[in-house]
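Participant:
Protein chains: 2
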Amino acid sequence: MIDKLRRHVPVLSWGRTYTREAFSNDMIAAVIVTIMLIPQSLAYAMLAGLPPEAGIYASILPIILYAIFGTSRALAVGPVAVVSLLTASAIGQVAEQGTAGYAVAALTLAFLSGAFLLLLGVLRLGFLANFLSHPVIAGFITASGLLIATSQLKHILGVDAHGHTLIEMVGSLIAHLGQVNAITLLIGVAATGFLFWVRKGLKPLLHRLGVPPKLADVATKAGPVAAVLVTTVLVWGLDLNGRGVRIVGAVPQSLPPLTLPSFAPDLLRALIMPAILISIIGFVESVSVAQTLAAKKRQRIDPDQELIGLGAANLGAAFTGGYPVTGGFARSVVNFDAGAETPAAGAYTAVGLAIAALALTPLVYFLPTATLAATIIVAVLSLVDFAILRHTWRYSKSDFVAVSATILLTLGLGVEIGVASGVVISVVLHLYKTSRPHVAEVGLVPGTQHFRNILRHDVQTDPSLVTLRVDESLYFVNARFLEDLVQNRVTEGCEIRHVVLMFSAVNAVDYSALESLEAINRRLGDMGVGLHLSEVKGPVMDRLGTSHLIGHLNGQVFLSQYDAWQALAPSARANPVAAQ
Amino acid sequence: MIDKLRRHVPVLSWGRTYTREAFSNDMIAAVIVTIMLIPQSLAYAMLAGLPPEAGIYASILPIILYAIFGTSRALAVGPVAVVSLLTASAIGQVAEQGTAGYAVAALTLAFLSGAFLLLLGVLRLGFLANFLSHPVIAGFITASGLLIATSQLKHILGVDAHGHTLIEMVGSLIAHLGQVNAITLLIGVAATGFLFWVRKGLKPLLHRLGVPPKLADVATKAGPVAAVLVTTVLVWGLDLNGRGVRIVGAVPQSLPPLTLPSFAPDLLRALIMPAILISIIGFVESVSVAQTLAAKKRQRIDPDQELIGLGAANLGAAFTGGYPVTGGFARSVVNFDAGAETPAAGAYTAVGLAIAALALTPLVYFLPTATLAATIIVAVLSLVDFAILRHTWRYSKSDFVAVSATILLTLGLGVEIGVASGVVISVVLHLYKTSRPHVAEVGLVPGTQHFRNILRHDVQTDPSLVTLRVDESLYFVNARFLEDLVQNRVTEGCEIRHVVLMFSAVNAVDYSALESLEAINRRLGDMGVGLHLSEVKGPVMDRLGTSHLIGHLNGQVFLSQYDAWQALAPSARANPVAAQ
Numbered sequence: 042m043i044d045k046l047r048r049h050v051p052v053l054s055w056g057r058t059y060t061r062e063a064f065s066n067d068m069i070a071a072v073i074v075t076i077m078l079i080p081q082s083l084a085y086a087m088l089a090g091l092p093p094e095a096g097i098y099a100s101i102l103p104i105i106l107y108a109i110f111g112t113s114r115a116l117a118v119g120p121v122a123v124v125s126l127l128t129a130s131a132i133g134q135v136a137e138q139g140t141a142g143y144a145v146a147a148l149t150l151a152f153l154s155g156a157f158l159l160l161l162g163v164l165r166l167g168f169l170a171n172f173l174s175h176p177v178i179a180g181f182i183t184a185s186g187l188l189i190a191t192s193q194l195k196h197i198l199g200v201d202a203h204g205h206t207l208i209e210m211v212g213s214l215i216a217h218l219g220q221v222n223a224i225t226l227l228i229g230v231a232a233t234g235f236l237f238w239v240r241k242g243l244k245p246l247l248h249r250l251g252v253p254p255k256l257a258d259v260a261t262k263a264g265p266v267a268a269v270l271v272t273t274v275l276v277w278g279l280d281l282n283g284r285g286v287r288i289v290g291a292v293p294q295s296l297p298p299l300t301l302p303s304f305a306p307d308l309l310r311a312l313i314m315p316a317i318l319i320s321i322i323g324f325v326e327s328v329s330v331a332q333t334l335a336a337k338k339r340q341r342i343d344p345d346q347e348l349i350g351l352g353a354a355n356l357g358a359a360f361t362g363g364y365p366v367t368g369g370f371a372r373s374v375v376n377f378d379a380g381a382e383t384p385a386a387g388a389y390t391a392v393g394l395a396i397a398a399l400a401l402t403p404l405v406y407f408l409p410t411a412t413l414a415a416t417i418i419v420a421v422l423s424l425v426d427f428a429i430l431r432h433t434w435r436y437s438k439s440d441f442v443a444v445s446a447t448i449l450l451t452l453g454l455g456v457e458i459g460v461a462s463g464v465v466i467s468v469v470l471h472l473y474k475t476s477r478p479h480v481a482e483v484g485l486v487p488g489t490q491h492f493r494n495i496l497r498h499d500v501q502t503d504p505s506l507v508t509l510r511v512d513e514s515l516y517f518v519n520a521r522f523l524e525d526l527v528q529n530r531v532t533e534g535c536e537i538r539h540v541v542l543m544f545s546a547v548n549a550v551d552y553s554a555l556e557s558l559e560a561i562n563r564r565l566g567d568m569g570v571g572l573h574l575s576e577v578k579g580p581v582m583d584r585l586g587t588s589h590l591i592g593h594l595n596g597q598v599f600l601s602q603y604d605a606w607q608a609l610a611p612s613a614r615a616n617p618v619a620a621q
Numbered sequence: 042m043i044d045k046l047r048r049h050v051p052v053l054s055w056g057r058t059y060t061r062e063a064f065s066n067d068m069i070a071a072v073i074v075t076i077m078l079i080p081q082s083l084a085y086a087m088l089a090g091l092p093p094e095a096g097i098y099a100s101i102l103p104i105i106l107y108a109i110f111g112t113s114r115a116l117a118v119g120p121v122a123v124v125s126l127l128t129a130s131a132i133g134q135v136a137e138q139g140t141a142g143y144a145v146a147a148l149t150l151a152f153l154s155g156a157f158l159l160l161l162g163v164l165r166l167g168f169l170a171n172f173l174s175h176p177v178i179a180g181f182i183t184a185s186g187l188l189i190a191t192s193q194l195k196h197i198l199g200v201d202a203h204g205h206t207l208i209e210m211v212g213s214l215i216a217h218l219g220q221v222n223a224i225t226l227l228i229g230v231a232a233t234g235f236l237f238w239v240r241k242g243l244k245p246l247l248h249r250l251g252v253p254p255k256l257a258d259v260a261t262k263a264g265p266v267a268a269v270l271v272t273t274v275l276v277w278g279l280d281l282n283g284r285g286v287r288i289v290g291a292v293p294q295s296l297p298p299l300t301l302p303s304f305a306p307d308l309l310r311a312l313i314m315p316a317i318l319i320s321i322i323g324f325v326e327s328v329s330v331a332q333t334l335a336a337k338k339r340q341r342i343d344p345d346q347e348l349i350g351l352g353a354a355n356l357g358a359a360f361t362g363g364y365p366v367t368g369g370f371a372r373s374v375v376n377f378d379a380g381a382e383t384p385a386a387g388a389y390t391a392v393g394l395a396i397a398a399l400a401l402t403p404l405v406y407f408l409p410t411a412t413l414a415a416t417i418i419v420a421v422l423s424l425v426d427f428a429i430l431r432h433t434w435r436y437s438k439s440d441f442v443a444v445s446a447t448i449l450l451t452l453g454l455g456v457e458i459g460v461a462s463g464v465v466i467s468v469v470l471h472l473y474k475t476s477r478p479h480v481a482e483v484g485l486v487p488g489t490q491h492f493r494n495i496l497r498h499d500v501q502t503d504p505s506l507v508t509l510r511v512d513e514s515l516y517f518v519n520a521r522f523l524e525d526l527v528q529n530r531v532t533e534g535c536e537i538r539h540v541v542l543m544f545s546a547v548n549a550v551d552y553s554a555l556e557s558l559e560a561i562n563r564r565l566g567d568m569g570v571g572l573h574l575s576e577v578k579g580p581v582m583d584r585l586g587t588s589h590l591i592g593h594l595n596g597q598v599f600l601s602q603y604d605a606w607q608a609l610a611p612s613a614r615a616n617p618v619a620a621q
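Chains as they are written, first to last, in the numbering used here: chain S, 42 to 621; chain P, 42 to 621.
#1: I'd like to know if the region 155-175 of chain P and the region 347-360 of chain P are in contact, where contact means that at least 3 CB-CB pairs between them fall below 8 angstroms.
#2: For residue 330(P), which residues from the same chain have a beta carbon less than 6 angstroms from its beta carbon, with the 5 sequence-adjacent residues on both sides left out?
#3: Quick test of the definition: if touching needs 3 or more C-beta pairs under 8 angstroms, does the region 270-285 of chain S touch the region 87-106 of chain S?
#4: Checking the sheet assignment: what are the DSSP bridge partners for residue 265(S)?
#5: What's the gap between the Cα of residue 587(P) and the Cα of residue 572(P)?
#6: Would DSSP call residue 65(P) helix, strand or coil?
#7: Along chain P, in chain order, which residues have C-beta atoms closer than 9 angstroms to that of residue 518(S)?
#8: Return the chain-ordered list of same chain residues with a C-beta closer than 6 angstroms to the C-beta of residue 619(S), the five sequence neighbours on each side being excluded.
#9: Of all the CB atoms in chain P, is at least one closer than 8 angstroms to the CB of residue 244(S)?
#10: Please classify residue 220(S): is it buried, with 16 or more other beta-carbons within 10 angstroms of its beta-carbon, or exposed?
#11: If you measure between the beta carbons of residue 85(S) and residue 121(S), is that distance less than 8 angstroms?
#12: For a contact defined as C-beta to C-beta under 7 angstroms, what are the partners of residue 378(S) on chain P?
#13: Residue 367(S) bridges to which residues according to DSSP?
#14: Would you say residue 383(P) lies against chain S (beta-carbon separation less than 8 angstroms)?
#15: For the region 382-395 of chain P and the region 252-267 of chain P, state whether three or more C-beta atom pairs, one from each stretch, are separated by less than 8 angstroms.
#16: Secondary structure at residue 562(S), three-state DSSP: helix, strand or coil?
#17: Please confirm whether residue 620(S) has its beta-carbon closer than 8 angstroms to some beta-carbon of chain P.
#18: To be precise: take each residue of the region 543-566 of chain P, compare its Cβ to all Cβ atoms of chain S, and keep it if any distance is under 7 angstroms. Which residues remain?
#19: Report all residues from its chain with a CB closer than 7 angstroms to the CB of residue 108(P); omit the five preceding and five following residues, and keep chain order.
#20: Is the shortest distance between the beta-carbon of residue 346(P) and the beta-carbons of chain S less than 8 angstroms?
#21: Thinking C-alpha only, which one of 344(S), 208(S) and 305(S) is nearest residue 165(S)?
#22: Mind checking if residue 128(S) is an interface residue toward chain B, Cβ cutoff 8 angstroms exclusive?
#23: Closer than 8 angstroms, CB to CB, is residue 482(P) near chain S or not?
#24: What are the boundary residues of the alpha helix (DSSP H) that includes residue 445(P)?
#25: Can you tell me which of the three DSSP states residue 427(P) falls into?
#26: Using the Cα positions of residue 610(P) and residue 537(P), report the straight-line distance between them to the nearest angstrom.
#27: Keeping to the same chain, check which residues put their C-beta closer than 8 angstroms to that of residue 577(S); ignore five residues upstream and five downstream.
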């Protein structure tokens, strides 16, 4: 009972042995992460089309709930880029940005996501996330990164533009080029350039200057904070917002409010599919980050319990003015590198953010949105990686098809269609590959009891006997292939009296394949040809034994292929020594 | 060139060797089939909601085109029950029954079906039909049979009723019970009873009376013709249509007219999905019938060429006043039993039906629709077979889930949702089964070089070495499962220094699984544990060789598991004799 409770509420395990040293490590990590998270939270809320405070609210209660229910010791939960984009895309279809309905739709989306994740977790259905193959995820992340970066260009240019696909966005940007605000553009380009330089050039420089690597790391991660501070001061000092530079403006000074999602049936219906998509993508992202970090300390992650942790975090977001959240890569790595030892580090981060929400929001009044856009662009462009195209092309053409279709459809038709098509395409390609399994016609290697492919080896055969070795489990997608194959092979040779199917590589036979075997048996019977099976594995034979196939088999089941050869091949009987 | 032409136009092959004997056999078969087809064609047209002549027209040109392009020698193409139901369901959503738009929608549906089948055939994509597993087809046919029988009850009762799901139909029938026409009911019940008796009781009776089996067969199949003749004469003689019995009425006396499908974009868009569904279901039904009959004469069917034959037949239907057609089970068996030798029998049947369309339609003026409904009910109830539930329950629970979901959803939500859900459910269940492959931890059988499951055999192991044998190809659905499994196993034992993955049963490793192996390699590296592979098959090794995995492998690739044991297990090195 206690064990079960501990499994579902991991805090009960690590909380009991919490030491003073772990506390001080967690506190240090929390301070660093809090500082990073403030600009990131504001930026992702902007990306989701929500007011800036939503990003901070979405980082407070969700972090605490994840600390209680999650299993990763370093995962930092909150708004992330891809989920913010998916949120904007989903709720943009049901409400106008900036309205109260839009914020409520965001809460509802977080609620549905949370409920769906919890449901999956309780039913232990985490395996569903496996339907997203690595190439589909990689293609989707790359395309999303491009979409997100493009969507932020309007803030850099200081114009109004919109659109959900790459073409729509670029078209809208071009149409508004006349309205470009030069000062905004200057701030945006400078901030973007600075952040790129921090990412690529600062660390080697600090290294050459003899700064310790750990400190250099922190300095590199603090780039966005520096950009925020400098541009805010500039705008304030030079009164640039009076000259058309858009700023964040007033952000309420308050702890996260208590909010309620909407339960209007129409809204729930419109948001359920996007919520499922967001949940699964968020879960996949979060679990891969958590597993990577856990492995470094030889810890383990329970994916089904992660569903519960993330589900609780999203429900928390829904009731405290947030929007869908998940475990983010960048913030988790910062947390891990900063030395967080337990999920308590997340809780302290939450306290830090709560203080920021209460006290620090006036400081971001003059923060230009172009700076936030620059932090988003630099963050997401690091996700864009077309190398996946080259890697999959070299390794497997069908994976290449899946990844390129996902990229093109995501860019061309939007995130939801893109990722859904990716899943369908990769499933269909996989089924296609198994739909034409490798089947070898085999013969006896002289002087042995081994049977090998007649095309590759010099083997003994008999014109009245055909032996086919099937190198795949038999199920509905390849059942009819086997029917056709046997029928074609048998109609080729009029001397054939026996067909042996060698099942050494068949791990399963489903009901469709059973019916195909029965059809093969019936048809061969109509032709006066015997159907035999050899080397059937134990579990497969157990299952076939419950069917009528074995009873009606127009032939025998042989333990080994060699037994079948000896019993059925006239040449083996006529000249038994030659077959030894 | 000639060979290629012959493959795509099979008539060029069998036409050259057509003998007088084959001609006379084909003629006899054609006469028998023509007589059977007249009531069947009228009945199925009624089921599709079309005027009776559409059923006859749909049997003329399509039969001829299939005779030219199809590969089966006995298949009879024309309207069939399930496709008629699907047609009614599809075009009922875009047009009102009885309007000109309804007939045009039927032509358009046939056109789209034909075009889609041709496209699949030209692209050789016939394998797509394999996505319909046998249990899904069986469940769908059973549920459709029930739906069709229920839909015909209104003709037996003589009331107006409608609906696309079982509940809607039954509800509508109950609501109209007050309008029941007693004479219609009498005719309908009598005809239904008579036809059931013909099917079950006539043959044994004729057998006892000493009638030759072949003649008894024909007499049994002629039951519907007898019912049509008797009830028509009754209605005509007793003027029953004056007393409320609905009759077929005037059918134009004409050869099939030249018609054009509509190319209105809205209509095409609305009908494309139903057309795809009809094509695939029709193709599956047709190919299974054709293969069963071909096997009896050791002939072969080319499924891709069948797509072209059926595609041409449907295009023919679209331009000659018909509606979607396919190879029917009942009529094909009659054709085969009646001794048809070549597709020419189909062409003669077409001539017979053309004569009927020109000359005999006045004879069916007084035919009561209740009789047609009775022929449909008796025909489709023979398709209803709940035994599939029992069989799949006994053989495989996941097949049972697929079949029962298909039956329930088809009855409850309609044919299209039913069959589409069936496909999705069976694919997901299959993927689920392969998502948790059998993985055995193995050890050395003492005194041998064999490695077996440590849970089943008394084997040697070493605490620093874990060997996992994976019994399934690795791909995206089970890639993460393997990651979790390895990580969990390694975090269990602190002494573990080496993990060997034994790949003897792995036939393929896709890109996702490759990335999972790389992740496992990286994580084990972080823990200071080596990752090794053993017994990797040639093609898998070739592919892995193009990736970075082998280069970065935190361990070695061993040809045999025994090599791995000798190299990695300290106990093997310390005491080499014990390991022999």
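Each residue gets a CB set at the ideal place from its N, CA and C atoms; glycine is no exception. Note that the coordinates shown come from a computational prediction; the quantities given were computed from them, not determined experimentally.
Facilitator: Looking at the coordinates:
#1: Yes, the region 155-175 of chain P touches the region 347-360 of chain P.
#2: 368, 370 and 373
#3: no
#4: Per DSSP, none; premise fails for residue 265(S).
#5: 19 angstroms
#6: helix
#7: 168, 171, 172, 174, 468 and 471
#8: Summary for residue 619(S): the model assigns pLDDT 42, below 50, so the residue's position carries little reliability; its value from the coordinates is reported in the next sentence. Correct list: empty, nothing qualifies.
#9: no
#10: exposed
#11: yes
#12: Residues of chain P passing the Cβ test: none, with the nearest at roughly 14 angstroms.
#13: 119(S)
#14: With its beta carbon at least 8 angstroms from every one in chain S, residue 383(P) lies outside the interface.
#15: The answer is no - the region 252-267 of chain P does not touch the region 382-395 of chain P, with fewer than three Cβ pairs under 8 angstroms.
#16: helix
#17: Note that residue 620(S) scores 39 on pLDDT, short of 50, meaning its location in the model is unreliable; the coordinates nonetheless yield the value given after this. Residue 620(S) does not count as touching chain P.
#18: 548, 551, 552, 553, 555, 556 and 564
#19: For residue 108(P), where only same-chain residues beyond five positions count, the Cβ hits under 7 angstroms are 52, 384, 385, 387 and 388.
#20: no
#21: 344(S)
#22: Checking the listed chains, one finds no chain B in this structure; the protein chains it contains are S and P.
#23: no
#24: 438-454
#25: coil
#26: Distance between residue 610(P) and residue 537(P), taken at the CA atoms: about 11 angstroms.
#27: Non-local beta-carbon contacts of residue 577(S) in its own chain, meaning distances under 8 angstroms to residues more than five positions away in sequence, involve 544, 547, 585 and 598 in chain order.
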